[in-house]
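Heads up, the thing below is written out as structure tokens.
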Amino acid sequence: SLGWSWGDMFKGKGISKLFSDKVEADAGEELQDDGVTTLLQKSQDTHTSPMEIRIALSIQDETDDFHREVCKKSSEHNMSRADAVIDVYTDKYVASAGSIDSALIDILSSSLGKETITLFAKSLLARGASPFAVDHNMNSPLHLAAKNGLMDIGKKLVDMLSLVYTRNKDGDTPFELAIMSRQDAMAAYLAESMPDYEVRRIFTAVGNLPSRLSFHTMLEHAGDFSQTIHAVLDSMKVLDQMTEDTFHLHYGILEADSNGFQPGQNNFNRHQKSCLHIIARSGYEEIVYHDTVRLLLRYKWKKFGRLRFLFQCLSFLAHMIVMSIAFILAA
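Going letter by letter, the sequence shown gives residues 208 to 538 in my numbering.
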């Protein structure tokens with residue numbers, strides 16, 4: 208079944224230490240991380256103070272050296288003050304972490320705000336940080352972005368050909384981490400970026416082993432996973448490459464039990480409601496009217512429903528004939 212992961216976010220190492228000590232503003236009030244985004248996004252504002260940005264980022268530094276580095280970056284590369292500040296701090300990330308790849312893993316593992324992490328992660332990727340770097344748990348940058356719901360970074364990594372379905376030490380793909388962290392939009396995007404068979408494999412039991420994730424559980428929490436459910440349903444409808452006008456429907460997941468076992472498998476639980484039953488009872492029309500669900504209902508009607516309906520009609524007619532003969536003989 209779907210294993211929820213409500214633990215703490217991965218903690219950074221070098222970058223966490225770099226950000227550990229809080230710096231107080233002149234008024235004595237400590238600036239929160241929420242203010243960093245506004246300050247850093249003023250890339251065209253030459254009046255934005257590097258000291259203000261540094262305080263908002265809670266980084267202690269030598270003021271004179273810091274200003275000299277910023278001025279040098281700004282003049283040599285013809286960039287705004289705010290862009291120069293970002294560049295200087297990126298240098299510090301790399302120096303603290305030991306390498307540009309470690310700096311990328313470190314910033315994506317940190318507990319900073321999403322927009323701040325996105326800003327500096329993009330800077331590191333632009334400098335050549337590898338999208339294939341991994342931490343001690345074999346989490347790639349895409350794993351970390353997926354877990355923390357960093358959509359912009361996730362899209363950039365996918366565009367850089369980062370493998371969407373690689374697994375970490377626990378055997379989890381970025382898609383699975385996004386679901387376990389309830390990152391619906393991220394999980395839906397990753398499902399759309401993965402091969403359809405890889406998406407279906409995650410929700411399908413193999414041999415005596417249950418599926419890695421339960422589509423049952425997702426449907427029972429449809430309000431939290433509406434986008435992902437649609438993406439998974441899309442993966443079940445595959446266009447025939449030969450005819451290009453015929454779809455092959457892989458509906459086994461919709462008939463599976465809560466552990467992903469399908470009819471015909473030894474461990475299939477016949478007493479549980481199928482995913483199709485849950486969809487019918489859910490009341491979410493956008494799921495009920497999805498093409499995959501509609502095609503499966505049409506198939507079931509043609510194969511089972513219509514025959515059962517005809518059988519009941521014939522039984523009713525036979526009953527009426529017998530009753531009519533009985534009345535005539537009685538008269």
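We put the beta carbon where it would ideally sit given N, CA and C, even for glycine.
Since this is a predicted model, take the numbers as computed values, not measurements.
Could you please give the first and the last residue of the uninterrupted beta strand (DSSP E) stretch that includes L446? Here the question's residue 446 lines up with position 239 in the sequence shown. Looking at the DSSP string, the run of the beta strand (DSSP E) that includes L446 is 444-446.
| CA-CA distance, M358 and I494? | Translated into the one-based positions of the sequence shown, residue 358 becomes position 151. Translated into the one-based positions of the sequence shown, residue 494 becomes position 287. M358 and I494: Cα-Cα distance of roughly 24 Å.
For E163, which residues of its own chain have a beta-carbon under 7 Å away from its beta-carbon, when the five flanking residues on both sides are left out?
In the structure as shown, the chain begins at 208 and stops at 538. Residue 163 is therefore absent and cannot be evaluated.
Evaluate I460 with the Cβ neighbour count: other Cβ atoms within 10 Å of its Cβ, from every protein chain shown; 16 or more gives buried, anything less gives exposed. Working through the sequence shown from its first residue, we reach residue 460 at position 253. Under this definition I460 is a buried residue.
Note to self: Strictly by DSSP, which residues pair up with V413?
What the structure shows: As a first step, residue 413 must be located in the sequence shown, where it is residue number 206. V413 pairs with L416.
Per-residue DSSP class, three states only, for H428:
For the purposes of this step, residue 428 is taken as residue 221 along the sequence shown, with counting starting at 1. Coil at H428, not helix or strand.
How about D498 and Q479: are their beta carbons less than 7 Å apart? Here residue 498 is taken as the residue at index 291 of the sequence shown, counted from 1. Here residue 479 is taken as the residue at index 272 of the sequence shown, counted from 1. No, Cβ-Cβ distance for D498 and Q479 is not below 7 Å.
Checklist entry - Hey, L311 and A353: beta-carbon distance below 7 Å or not? => result Looking up residue 311 in the sequence shown gives position 104. Looking up residue 353 in the sequence shown gives position 146. The answer is no: Cβ separation not under 7 Å.
Discussion item. In the DSSP output, which residue or residues are listed as bridge partners for L456?
Written reply: Mapped onto the sequence shown, residue 456 falls at position 249. L456 is bridged to K444.
So does the segment 412-425 actually touch the segment 368-376, counting three or more Cβ pairs closer than 8 Å?
no
- Do the segment 430-448 and the segment 393-402 meet, that is, are 3 or more Cβ pairs less than 8 Å apart? yes
Exercise. Excluding five sequence neighbours on each side, which residues of the same chain lie with their C-beta closer than 7 Å to the C-beta of G467?
Worked result: Position 260 of the sequence shown holds residue 467. Hits under 7 Å: F410, T411, A412, P417, S418, S421.
Own chain, CB closer than 6 Å to N344, minus 5 neighbours either side, in chain order:
In the sequence shown, residue 344 corresponds to position 137, counting from 1. For N344, where only same-chain residues beyond five positions count, the Cβ hits under 6 Å are N375, K376.
L351 vs L315 beta-carbon contact at 7 Å: Counting from one through the sequence shown, the residue named residue 351 turns up at place 144. Counting from one through the sequence shown, the residue named residue 315 turns up at place 108. Yes, the Cβ-Cβ distance between L351 and L315 is below 7 Å.
key: Rounded separation between Q472 and R408 - CA only   = Here residue 472 refers to the residue found at position 265 when the sequence shown is read from its first residue. Here residue 408 refers to the residue found at position 201 when the sequence shown is read from its first residue. Each residue's alpha carbon lies about 15 Å from the other.
Let me know the secondary structure DSSP gives P348 once reduced to three states.
As a position in the sequence shown, residue 348 is number 141, starting the count at 1. Correct three-state label for P348: helix.
Nearest-angstrom beta carbon gap, S442 and V406 [assumed within contact, 8 Å]
Translated into the one-based positions of the sequence shown, residue 406 becomes position 199. Translated into the one-based positions of the sequence shown, residue 442 becomes position 235. Contact flag correct, Cβ pair sits at about 4 Å.
Would H423 be called buried (16 or more neighbouring beta carbons within 10 Å of its own) or exposed?
Reading the sequence shown from its first residue, position 216 is the one you call residue 423. Under this definition H423 is a buried residue.
- Task: Look up Q390 in the DSSP assignment and say whether it is helix, strand or coil.
- Result: Here residue 390 refers to the residue found at position 183 of the sequence shown. Here Q390 sits in coil by DSSP.
Quick check on the DSSP output: the alpha helix (DSSP H) that includes V495 runs from which residue to which? Indexing the sequence shown from 1 puts residue 495 at position 288. 492-495 is the span of the alpha helix (DSSP H), which, as asked, contains V495.
Unbroken alpha helix (DSSP H) run spanning A289, endpoints: Numbered from 1 along the sequence shown, position 82 holds the residue referred to as residue 289. Per DSSP, A289 belongs to the alpha helix (DSSP H) from 288-304.
Here's the rule I'm using: 16 or more other beta-carbon atoms within 10 Å means buried, otherwise exposed. How should E492 be labelled? In the sequence shown, residue 492 corresponds to position 285, counting from 1. Exposed, by the Cβ-count rule.
Q. Taking DSSP as the reference, what is the three-state secondary structure of S531?
A. Within the sequence shown, numbered from 1, the residue matching residue 531 stands at position 324. Helix.
- [ ] For N476, count neighbouring Cβ atoms within 10 angstroms of its own Cβ and tell me buried if that reaches 16, exposed if not.
- [x] Indexing the sequence shown from 1 puts residue 476 at position 269. Its Cβ having fewer than 16 others within 10 Å, N476 is exposed.
Notebook entry, point to check: Is it true that the CB of G361 sits closer than 7 Å to the CB of M393?
Noted result: The residue given as residue 393 occupies position 186 in the sequence shown. The residue given as residue 361 occupies position 154 in the sequence shown. Cβ distance < 7 Å, so M393 and G361 count as in contact.
Excluding the 5 residues preceding and the 5 following P470 in the sequence, name in chain order all residues of the same chain whose CB lies nearer than 7 Å to its CB. If you number the sequence shown from 1, residue 470 lands on position 263. Same-chain partners within the cutoff: E462.
Give me the Cα-Cα distance between F534 and Q519, rounded to the nearest whole angstrom. Here residue 534 corresponds to residue number 327 of the sequence shown, with the count starting at 1. Here residue 519 corresponds to residue number 312 of the sequence shown, with the count starting at 1. About 23 Å.
>> For M367, which residues in the same chain have their Cβ closer than 6 Å to its Cβ, ignoring the five residues on either side in sequence?
In response: Here the question's residue 367 lines up with position 160 in the sequence shown. Same-chain partners within the cutoff: P338.
Quiz item: What did DSSP end up calling H526 once you bin it into helix, strand or coil?
Solution: As a position in the sequence shown, residue 526 is number 319, starting the count at 1. H526 falls in the helix class under three-state DSSP.
Using the Cα positions of E383 and K321, report the straight-line distance between them to the nearest angstrom. For the purposes of this step, residue 383 is taken as residue 176 along the sequence shown, with counting starting at 1. For the purposes of this step, residue 321 is taken as residue 114 along the sequence shown, with counting starting at 1. Cα-Cα distance, rounded: 20 Å.
Please indicate yes or no: does the CB of F432 lie closer than 6 Å to some heavy atom of the ligand PLP?
-> As far as ligands go, the structure on display features none, and thus does not contain the ligand PLP.
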